[in-house]
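Visitor:
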Amino acid sequence: AQKVTQAQTEISVVEKEDVTLDCVYETRDTTYYLFWYKQPPSGELVFLIRRNSFDEQNEISGRYSWNFQKSTSSFNFTITASQVVDSAVYFCALSEALKTSYDKVIFGPGTSLSVIP
Amino acid sequence: NAGVTQTPKFRILKIGQSMTLQCTQDMNHNYMYWYRQDPGMGLKLIYYSVGAGITDKGEVPNGYNVSRSTTEDFPLRLELAAPSQTSVYFCASSRGDSIISYEQYFGPGTRLTVT
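Those sequence lines, one after another, are chains A and B. Each residue of the first sequence is one higher than the one before, starting from 654 at the first, in my numbering. Each residue of the second sequence is one higher than the one before, starting from 2 at the first, in my numbering.
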């Protein structure tokens, strides 16, 4: 069965600190996709990144970086030099690629990040 | 592009009332979804659609109904509202593909309270 675990329920950091949000997933599929979404206090969910299971290269986008390690089934998200605008709930999600119909996306429970000025 | 739009943003219903949550996307996406998010929780899939005329149940469909007559619109109907349906409802859409999973684009949400 597929499952996404985000063990950190809430994290607080002081502005300019680096912070890593953990995501551990379970799947029996060899082909799958991983996602991160951001939900700021305004409530709307915003897509951040998609990664397929064959691409283990780490990705960097500005202050954001993602570390994908198949060996540990993890897809961790690091924010460098955090800012108050990074305060949000972050969801990790998993989707199988071989599907009968729709994209069944399993969302993790989310990690609430508070960046204190 | 407006992306995914939802109306209304907020609504208070009395127990037993019915209502329709509207969702429209202008990205020509095949796949559309309805989720609910309870306070402090993740997202639960209510219904989904892989194209006009095709809908199916997600994990929590009881008390809801959907239709998909066009690619753009995917309304969610609540019949006989109950307090357990108090939640934030998100509509989402994504590009459809038989093998590749694409990211979902979400609407701003509808905050529904049933009292």
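Even for Gly, the Cβ is constructed at its ideal location relative to N, Cα and C.
Using Cβ-Cβ distances below 7 Å, what residues of the segment 692-709 of chain A are close to chain B?
Guide: Answer set for the segment 692-709 of chain A: Gly696, Glu697, Leu698, Phe700 and Arg703.
Visitor: With distances taken from CA atoms, which of B:Arg112, B:Glu73, B:Thr114 and B:Val61 is nearest Ala127 of chain B?
Guide: No statement about residue 127 of chain B is possible, as the shown extent of chain B runs from 2 to 116 and does not include it.
Visitor: Taking 8 Å as the threshold (C-beta atoms), are Ser727 of chain A and Glu663 of chain A in contact?
Guide: Contact: no.
Visitor: Let me make sure I understand the geometry here. Which of A:Gly696, A:Tyr686, A:Thr733 and A:Glu712 has the alpha-carbon closest to that of Glu668 of chain A?
Guide: If we check each option's Cα against that of Glu668 of chain A, A:Thr733 comes out closest.
Visitor: Cβ of Tyr48 of chain B less than 8 Å from any chain A Cβ?
Guide: Not an interface residue.
Visitor: Out of B:Gly59, B:Thr6, B:Gly43 and B:Trp35, state which residue places its alpha-carbon closest to the alpha-carbon of Gly763 of chain A.
Guide: Checked all of B:Gly59, B:Thr6, B:Gly43 and B:Trp35; the closest Cα to Gly763 of chain A is B:Gly43.
Visitor: Under 7 Å Cβ-Cβ, which residues of chain B neighbour Gly715 of chain A?
Guide: None at all; the shortest Cβ gap to chain B is about 18 Å.
Visitor: Chain B beta carbons: is any one of them nearer than 8 Å to that of Tyr678 of chain A?
Guide: Output row for Tyr678 of chain A: interface = no.
Visitor: Assuming the contact rule is C-beta atoms closer than 8 Å, Gly54 of chain B and Arg78 of chain B should be a hit. Round their C-beta distance to whole Å, please.
Guide: Not really, about 17 Å apart at Cβ, beyond 8 Å.
Visitor: Going by DSSP in three states, Lys723 of chain A sits in which element: helix, strand or coil?
Guide: Note: Lys723 of chain A maps to helix in three-state DSSP.
Visitor: When you compare the CB of Gly110 of chain B with every CB in chain A, is at least one pair closer than 8 Å?
Guide: Yes, Gly110 of chain B lies at the interface with chain A (some Cβ there is under 8 Å from its Cβ).
Visitor: Find the nearest neighbour of Cys676 of chain A within the set A:Gln692, A:Ser665 and A:Gln659, judged by alpha-carbon distance.
Guide: Checking every option, the nearest Cα to that of Cys676 of chain A belongs to A:Gln659.
Visitor: Does DSSP put Asp739 of chain A in a helix, in a strand, or in coil?
Guide: In this structure, Asp739 of chain A counts as helix in the three-state DSSP scheme.
Visitor: Under 8 Å, do Pro109 of chain B and Lys45 of chain B count as touching if we go by C-beta distance?
Guide: The answer is no: Cβ separation not under 8 Å.
Visitor: Taking Arg703 of chain A as the reference, give the member of A:Thr673, A:Gly761 and A:Leu747 with the closest Cα.
Guide: When only C-alpha atoms are compared, the closest one is A:Leu747.
Visitor: Taking the beta carbon of Gly761 of chain A as the centre, do at least 16 other beta carbons fall within 10 Å, making it buried, or is it exposed?
Guide: Label assigned to Gly761 of chain A: buried.
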